[in-house]
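S.K.: Can you read through this structure? Questions will come right after.
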Amino acid sequence: MPSNLDSKDMIEMKSLESLTVTRSFNFANNDRSTYLPSDDEGSFEHSSEKQTKLSKYWKKCSYEIREYCKFIGPGFLIAVAYIDPGNYSTDLDAGARFQYKLLFIVFIANLFAVYLQSLCCRLGSVTGFDLARNCREQYHKYVCITFYILAEIAIVATDIAEVIGTAVALKILMKIPLVAGVVITILDVLLVLIAWRPEGSMLGVRIFEAAVAMLVLVVAISFAVVLGRVHIGGAGHVFKGFLPSSTVFSREGLYSSIGILGATVMPHSLFLGSGLVQTRLRDFDVRSGNYVPVGDCSDYRPSIQTIRHSLTYSVVEVVLSLFTFALFTNSSILIVAGAVFYNTSNADTSDLFSIYELLTKYVSLSCGKLFAVALLFSGMSAGYVCTIAGQMVSEGYINWNLRPWIRRTLTRSIAIIPCLVVAAAVGQSGLNAVLNASQVCLSILLPILTFPLVMFTCSRKVMSIYSEKVDEETGEVIRDVHDLSLGWPMTILTWLIWLFLTALNLLLIIWLGMGIST
Numbered sequence: 001m002p003s004n005l006d007s008k009d010m011i012e013m014k015s016l017e018s019l020t021v022t023r024s025f026n027f028a029n030n031d032r033s034t035y036l037p038s039d040d041e042g043s044f045e046h047s048s049e050k051q052t053k054l055s056k057y058w059k060k061c062s063y064e065i066r067e068y069c070k071f072i073g074p075g076f077l078i079a080v081a082y083i084d085p086g087n088y089s090t091d092l093d094a095g096a097r098f099q100y101k102l103l104f105i106v107f108i109a110n111l112f113a114v115y116l117q118s119l120c121c122r123l124g125s126v127t128g129f130d131l132a133r134n135c136r137e138q139y140h141k142y143v144c145i146t147f148y149i150l151a152e153i154a155i156v157a158t159d160i161a162e163v164i165g166t167a168v169a170l171k172i173l174m175k176i177p178l179v180a181g182v183v184i185t186i187l188d189v190l191l192v193l194i195a196w197r198p199e200g201s202m203l204g205v206r207i208f209e210a211a212v213a214m215l216v217l218v219v220a221i222s223f224a225v226v227l228g229r230v231h232i233g234g235a236g237h238v239f240k241g242f243l244p245s246s247t248v249f250s251r252e253g254l255y256s257s258i259g260i261l262g263a264t265v266m267p268h269s270l271f272l273g274s275g276l277v278q279t280r281l282r283d284f285d286v287r288s289g290n291y292v293p294v295g296d297c298s299d300y301r302p303s304i305q306t307i308r309h310s311l312t313y314s315v316v317e318v319v320l321s322l323f324t325f326a327l328f329t330n331s332s333i334l335i336v337a338g339a340v341f342y343n344t345s346n347a348d349t350s351d352l353f354s355i356y357e358l359l360t361k362y363v364s365l366s367c368g369k370l371f372a373v374a375l376l377f378s379g380m381s382a383g384y385v386c387t388i389a390g391q392m393v394s395e396g397y398i399n400w401n402l403r404p405w406i407r408r409t410l411t412r413s414i415a416i417i418p419c420l421v422v423a424a425a426v427g428q429s430g431l432n433a434v435l436n437a438s439q440v441c442l443s444i445l446l447p448i449l450t451f452p453l454v455m456f457t458c459s460r461k462v463m464s465i466y467s468e469k470v471d472e473e474t475g476e477v478i479r480d481v482h483d484l485s486l487g488w489p490m491t492i493l494t495w496l497i498w499l500f501l502t503a504l505n506l507l508l509i510i511w512l513g514m515g516i517s518t
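So in full-length UniProt numbering the end of the sequence shown lands on 518, straight run, no missing numbers.
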């Protein structure tokens, strides 16, 4: 130690010496323990590594959430198809007659709806076309015309339900006569034609989707408030209805179950589900530089990169929308009907007017008004999406180049005529009969219109994507084939679901032919 260092310097040097590693490295034994970190140093590195993993996990989650938010919108439009006034009719009847025992069927019907919509998302994403356009691409002209006629009948039958629901709500809320209310419903044609521009900017599409989403939220909130005010007899009693019971398999229960399935799995929703995904796909391809829009974009086919990126988000968005808003609303209608009508003298006369009157009488006026508000907004939003579905049907099946407002006015006029005649002749009781008849019509058409969807999603020919890349060494163009059709397990499941729905609807037709309605 140098003698010229003062005591302060010596203390500092001793402190430094105490921090140095005094154990020598044994080269002969290759002892590397000298350089291994101490326990404190190891715990610090482990903590740092853990924080890094958490940071990466958080970044990945936030990225997935941001990407998912870009796909929010079509699910709300599709959910509207499952909460239209036609569902009110069948759910009211089931709740009035069996209280909560058919909630199990409501849940199963939503499962089927979710599965079919996932197939629609898959078909629309892979091919770039909706269901109607795929039929035109794959089938003979006259087959397409046949499918088109059946699809238009389904659109008109669906439209009848929207017209009746909106007219009834207008009479309850504003005392507008039924005939005038039926005529007023034609105004939704103008609103949709002004607002809906699928080939326009994403901002315009999102604004329209947000407007419909607000209508859906109003319906859900209204029923949430109504549920909170009616006496349901305990939550356990209600949740027990989501379990299968012998009532489902009785003749009366099976008839009502078929009605719920037919009213929930709506044919026009298949065209919506397969057609609404294209706007997001095209937007992603444009932003990625894979596609330059020219003209009406009718030749657009999504790239394999876009399909792989977007398909999962599209399916998840639709599934969440149906399992939240659609399932909740349909269950709420049945629960309210079961709480108000079951074991009463009004059980056999349950319709849209009578449930309003009973809610007003036994609960409160505001509760009855909330039900009418939910009915009005259901009819309005369902009318909007029915307009969009009708446009997809005519343009897809037969490439009808008639101006949309003319085509839509004709379709709505066809739907209005029977409602006008019945409303003028027999009033509200006749409208309820027409509403029920429209749901039976939709049930019969469902297996026919879902058949192409099942065929296409199981077909390698339809569900294959071709991509090209240049070999860097040889300069040759290599063409890859990506098969996105359903695998064998999913193909079997899909056909089993279709056969099950077909069998139920055939049973309904047989019962109607025999004059059995209960």
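Beta carbons: idealized from backbone N, C-alpha and C, even for Gly.
Given this structure, state the Cα-to-Cα distance separating Asn505 from Thr474, to the nearest angstrom.
M.R.: Looking at the two C-alpha atoms, the distance is approximately 59 angstroms.
S.K.: Does the distance from the CB of Arg300 to the CB of Gly86 come in under 7 angstroms?
M.R.: Before going further, note that residue 300 is Tyr rather than Arg in the sequence given. No, the pair does not count as a contact, with Cβ atoms beyond the cut-off.
S.K.: Nearest to Ser288 by CA position, among Leu272, Thr306, Gly273, Tyr362, is which residue?
M.R.: It is Thr306.
S.K.: By Cβ distance below 6 angstroms, which residues in the same chain neighbour Ala241 in space, the five residues on each side in sequence not counted?
M.R.: Reading off the sequence, residue 241 comes out as Gly, not Ala. Excluding sequence neighbours, Gly241 sits near Tyr100, Lys101, Leu103.
S.K.: Got a sec: is the Cβ-Cβ distance from Phe98 to anything in chain D below 7 angstroms?
M.R.: Any reference to chain D falls outside this structure, which holds one protein chain only.
S.K.: Are the CB atoms of Phe371 and Gln428 nearer to each other than 7 angstroms?
M.R.: Cβ atoms of Phe371 and Gln428: not closer than 7 angstroms.
S.K.: Apart from the five residues on each side of it in sequence, which residues of its chain come closer than 8 angstroms, Cβ to Cβ, to Tyr466?
M.R.: Closer than 8 angstroms at the Cβ level, and outside the excluded window around Tyr466, lie Arg479, Asp480, Val481, His482.
S.K.: How about Ile78 and Leu334: do their beta carbons lie closer than 7 angstroms?
M.R.: Not a contact, by the Cβ cut-off of 7 angstroms.
S.K.: What three-state label does DSSP hand Asp130 in the structure shown?
M.R.: DSSP places Asp130 in coil when its eight states are reduced to three.
S.K.: Smallest Cα separation from Met323: which of Trp488, Leu281, Ile176, Phe112?
M.R.: According to the sequence displayed, residue 323 carries Phe and not Met. Among Trp488, Leu281, Ile176, Phe112, the Cα nearest to that of Phe323 belongs to Phe112.
S.K.: Would you mind sorting Lys171 into buried or exposed? The rule is 16 or more other CB atoms within 10 Å of its CB.
M.R.: Lys171 is buried by the Cβ-count criterion.
S.K.: Between Gly513, Ser485, Tyr397, which has its C-alpha nearest Phe147's C-alpha?
M.R.: Nearest C-alpha to Phe147: Tyr397.
S.K.: Tell me whether the beta-carbon of Cys367 lies closer than 7 angstroms to the beta-carbon of Leu376.
M.R.: No. Outside cutoff.
S.K.: Using the Cα positions of Gly253 and Ile509, report the straight-line distance between them to the nearest angstrom.
M.R.: Cα to Cα, Gly253 sits roughly 16 angstroms from Ile509.
S.K.: How many Å lie between Ser464 and Ala154 at the Cα?
M.R.: Going from the Cα of Ser464 to the Cα of Ala154 covers about 30 angstroms.
S.K.: Of the choices Ser89, Val265, Leu281, whose alpha-carbon is the least far from that of Ala326?
M.R.: Out of Ser89, Val265, Leu281, Val265 has the C-alpha closest to the C-alpha of Ala326.
S.K.: Using the beta-carbon count (16 or more within 10 Å), is Tyr35 buried or exposed?
M.R.: With a pLDDT of 44 at Tyr35, under the threshold of 50, the modelled position of that residue is not reliable, and the figure given next carries that caveat. Result: exposed.
S.K.: Mind reading off the beta-carbon distance from Asp159 to Cys386? Whole number of angstroms is fine, and I expect it under 8 angstroms.
M.R.: Correct: roughly 5 angstroms between the Cβ atoms.
S.K.: Would you mind working out which of Val336, Ile108, Asn110, Val114 sits nearest Gly233, comparing C-alpha positions?
M.R.: Closest by alpha carbon: Val336.
S.K.: How long is the line joining the alpha carbons of Ser331 and Tyr88, rounded to whole angstroms?
M.R.: Their backbone Cα atoms lie some 10 angstroms apart in a straight line.
S.K.: On a CA-only basis, which of Ser364, His237, Gly204, Thr166 is nearest Ile186? Give me that one, please.
M.R.: Among Ser364, His237, Gly204, Thr166, the Cα nearest to that of Ile186 is on Thr166.
S.K.: Within the chosen definition, does the region 481-497 reach the region 454-461 through at least 3 CB pairs nearer than 8 angstroms?
M.R.: The region 481-497, when compared against the region 454-461, does touch it at the 8 angstroms Cβ threshold.
S.K.: Among the residues of its own chain, which have a CB less than 6 angstroms from the CB of Pro447, if the five just before and after it don't count?
M.R.: Around Pro447: Leu501, Thr502, Asn505.
S.K.: Is it buried or exposed, Pro452, if we count other Cβ atoms within 10 angstroms and call 16 or more buried?
M.R.: When all chains shown are included, Pro452 counts as buried.
S.K.: Let me know if Glu395 comes out buried or exposed under the rule of 16 or more other beta-carbons within 10 Å of its beta-carbon.
M.R.: Buried: at least 16 other Cβ atoms inside 10 Å.
S.K.: Which residues mark the beginning and the end of the alpha helix (DSSP H) in which Asp285 is found?
M.R.: Start and end: 278-288.
S.K.: Nearest by alpha-carbon distance to Met392: which of Leu276, Ala382, Ser314 is it?
M.R.: If we check each option's Cα against that of Met392, Leu276 comes out closest.
S.K.: Out of Asn436, Val219, Val225, which has the shortest C-alpha to C-alpha gap to Val373?
M.R.: Taking only the C-alpha atoms, the option nearest Val373 is Val219.
S.K.: Indicate the three-state DSSP secondary structure (helix, strand or coil) for Ile83 in the structure shown.
M.R.: Residue state, collapsed to three classes: coil.
S.K.: At 4 residues or longer, and completely inside the region 304-387: list those alpha helix (DSSP H) runs for me, N to C.
M.R.: Taking only runs of at least 4 residues, the alpha helix (DSSP H) segments lying wholly in the region 304-387 are 304-321, 327-341, 352-362.
S.K.: How many angstroms separate the CA atom of Lys361 from the CA atom of Arg206?
M.R.: Straight-line Cα distance between these residues: approximately 41 angstroms.
S.K.: For Arg133, which residues in the same chain have their Cβ closer than 6 angstroms to its Cβ, ignoring the five residues on either side in sequence?
M.R.: So the qualifying residues of the chain are Gly396.
S.K.: Are the beta-carbon atoms of Glu162 and Gly390 separated by less than 7 angstroms?
M.R.: Result no, Cβ atoms of Glu162 and Gly390 do not sit closer than 7 angstroms.
S.K.: Looking at the secondary structure, which residues open and close the alpha helix (DSSP H) in which His237 lies?
M.R.: First-last of the alpha helix (DSSP H) with His237: 235-239.
S.K.: Could you pull the DSSP bridge partners for Ile414 from this structure?
M.R.: Beta-bridge pairing links Ile414 to no other residue.
S.K.: Between which two residues does the alpha helix (DSSP H) carrying Pro489 extend?
M.R.: It spans 488-513 - the alpha helix (DSSP H) in which Pro489 sits, taken as one unbroken run.
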